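> Once you've had a glance at the structure underneath, I'll fire off some questions.
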Amino acid sequence: MPVSTILIGSLVILLLTLLLAREVRLRRALETLLRRLLSLWRNDEVRSSPDRGPDTRWMQR
-16 MPVSTILIGS
-6 LVILLLTLLL
4 AREVRLRRAL
14 ETLLRRLLSL
24 WRNDEVRSSP
34 DRGPDTRWMQ
44 R
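The letter at position 8 of the sequence shown is residue -9 when you use our numbering, and the numbering goes up by one with no holes.
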């Protein structure tokens, strides 16, 4: 399975769980996880582009 398929599946499951989450702590934890997954996905797309160099944005933090 390609990584993007796994990430998309994880995002769908996470979004459904987020919709059903009623407890505030759980909801915030899931939102944080969602942001991190999206961040990983965006970095992966940038790195896989053949016309760009390596992704060095993580060094700027």
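For each residue, glycine too, the CB sits at the ideal point set by N, CA and C. Everything numeric in this text was worked out from a predicted model, so none of it was measured.
(1) Does DSSP classify R8 as helix, strand or coil?
(2) Is the CB-CB distance between R10 and L(-1) below 8 Å?
(3) By how many angstroms is the C-alpha of V(-5) removed from the C-alpha of E6?
(4) Kindly indicate which residue of L(-3), I(-11), G(-8) has the alpha-carbon position closest to the one of R18.
On the basis of the coordinates in this document:
(1) helix
(2) no
(3) 19 Å
(4) L(-3)
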